[in-house]
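For reference, the structure is listed below as structure tokens.
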Amino acid sequence: MTPAIQLLDDHGLRYEVHEYERGDELRDFGREAAEALGLPFDQVFKTLLVDVEGGTHGDRVVVVVIPVSCMVSMKLVAAAAGAKKASMCDPAVAERITGYVVGGISPLGQRKRLPTILDETVELFDTVYVSGGKRGLDIGVAPTDLASLLDATIAPITA
Numbered sequence: 063m064t065p066a067i068q069l070l071d072d073h074g075l076r077y078e079v080h081e082y083e084r085g086d087e088l089r090d091f092g093r094e095a096a097e098a099l100g101l102p103f104d105q106v107f108k109t110l111l112v113d114v115e116g117g118t119h120g121d122r123v124v125v126v127v128i129p130v131s132c133m134v135s136m137k138l139v140a141a142a143a144g145a146k147k148a149s150m151c152d153p154a155v156a157e158r159i160t161g162y163v164v165g166g167i168s169p170l171g172q173r174k175r176l177p178t179i180l181d182e183t184v185e186l187f188d189t190v191y192v193s194g195g196k197r198g199l200d201i202g203v204a205p206t207d208l209a210s211l212l213d214a215t216i217a218p219i220t221a
């Protein structure tokens, strides 16, 4: 059981677990998950860590969750975080902060709770899919539960 699944269990939330076989090469993990699970790319979300400068939360890093079909807009993330500018975190930093490996970073159950921004498209679905905390594992969860559990901001953050 991953920390992400444990967190959902601890809060008594409903979720679906989907495991899939991964390819050997490192590639676009989110798209690989969507393809393996037969889900639309817009309904499967990837978790990224972004370094923000001058954010309103006082944190230097925020978690952003966007559809695997989209690219993150640093300008929109900075605006949503109340920051002057934003840039992607180094993958090694993201792994250290979250406790998860790249390709398996879940917005749930991270080592340190960080401000989280969900892309506004999360509200288009009854269920969205995010990493379950390891490569080859996704969790289907209601976006309202995800937003509430993470105390997330919902904003337009994709280009």
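Under my numbering, the first residue of the sequence shown carries the number 63, and numbering increases by one thereafter.
Just so you know, even glycine gets a beta-carbon here, dropped at the ideal spot from N, CA and C.
Because the structure is a prediction, the values reported are computed rather than measured.
Quiz item: How many angstroms separate the CA atom of G144 from the CA atom of V127?
Solution: Residue 144 sits at position 82 when you count from the first residue of the sequence shown. Residue 127 sits at position 65 when you count from the first residue of the sequence shown. G144 and V127: Cα-Cα distance of roughly 17 Å.
Quiz prompt | Cα-Cα separation between D104 and C132, rounded to whole angstroms | solution = As a first step, residue 104 must be located in the sequence shown, where it is residue number 42. As a first step, residue 132 must be located in the sequence shown, where it is residue number 70. C-alpha separation (whole angstroms): 8 Å.
Quiz item: Using DSSP with H/G/I as helix, E/B as strand and the rest coil, what is L180?
Solution: As a working mapping, residue 180 is identified with position 118 in the sequence shown. Three-state DSSP puts L180 in a strand.
Quiz item: How do the stretch 164–181 and the stretch 107–114 stand: do at least 3 beta-carbon pairs fall below 8 Å, yes or no?
Solution: yes
Self-check item: DSSP three-state assignment for G171, whether helix, strand or coil
Solution: For the purposes of this step, residue 171 is taken as residue 109 along the sequence shown, with counting starting at 1. Coil at G171, not helix or strand.
Self-check item: Residue from V192, D181 and D72 whose Cα sits closest to the Cα of S135
Solution: On the sequence shown, position 73 is the one that residue 135 refers to. Comparing Cα positions, the closest option is D181.
Practice problem: Whole angstroms is fine: what's the gap from K196's alpha carbon to D90's? | Solution: Residue 196 sits at position 134 when you count from the first residue of the sequence shown. Residue 90 sits at position 28 when you count from the first residue of the sequence shown. So the alpha carbons of these two residues sit roughly 14 Å apart.
Self-check item: Boundaries of the alpha helix (DSSP H) in which V155 is found, first to last residue
Solution: What you label residue 155 is simply residue 93 of the sequence shown in a count that begins at 1. Unbroken alpha helix (DSSP H) run through V155: P153 to T160.
Quiz item: Taking A204 as the reference, which of T160, V79, M63 and Y162 has the closest Cα?
Solution: Here residue 204 is taken as the residue at index 142 of the sequence shown, counted from 1. A204 has its Cα closest to that of V79, out of T160, V79, M63 and Y162.
Quiz item: How big is the Cα-Cα spacing for V192 and L208?
Solution: Residue 192 sits at position 130 when you count from the first residue of the sequence shown. Residue 208 sits at position 146 when you count from the first residue of the sequence shown. Distance between V192 and L208, taken at the CA atoms: about 10 Å.
Exercise. Could you round the C-beta distance between I201 and A142 to whole angstroms and report it? I think they count as a contact, below 8 Å.
Key: As a position in the sequence shown, residue 201 is number 139, starting the count at 1. As a position in the sequence shown, residue 142 is number 80, starting the count at 1. The Cβ separation is near 24 Å, so there is no contact.
Quiz item: Can you tell which of A98, V190 and L211 has the C-alpha that lies nearest to the C-alpha of E81?
Solution: Working through the sequence shown from its first residue, we reach residue 81 at position 19. When only C-alpha atoms are compared, the closest one is A98.
Exercise. Kindly identify the DSSP beta-bridge partner or partners of D71.
Key: Residue mapping note: residue 71 aligns to position 9 of the sequence shown, counting from 1. For D71, which the question treats as bridged, DSSP gives no partner whatsoever.
Self-check item: Which listed residue (M63, T206, V125 and R173) has its alpha carbon closest to that of L75
Solution: In the sequence shown, residue 75 corresponds to position 13, counting from 1. Sorting M63, T206, V125 and R173 by C-alpha distance to the C-alpha of L75 places T206 at the top.
Quiz item: Where does G144 fall in DSSP's three states?
Solution: Counted from its first residue, the sequence shown places residue 144 at position 82. Residue state, collapsed to three classes: coil.
Exercise. To the nearest angstrom, report how far apart E83 and L199 are at their CA atoms.
Key: Here the question's residue 83 lines up with position 21 in the sequence shown. Here the question's residue 199 lines up with position 137 in the sequence shown. Between E83 and L199, the C-alpha separation is close to 9 Å.
Quiz item: Nearest to P129 by CA position, among Y162, L186 and E157, is which residue?
Solution: Here residue 129 refers to the residue found at position 67 when the sequence shown is read from its first residue. Out of Y162, L186 and E157, L186 has the C-alpha closest to the C-alpha of P129.
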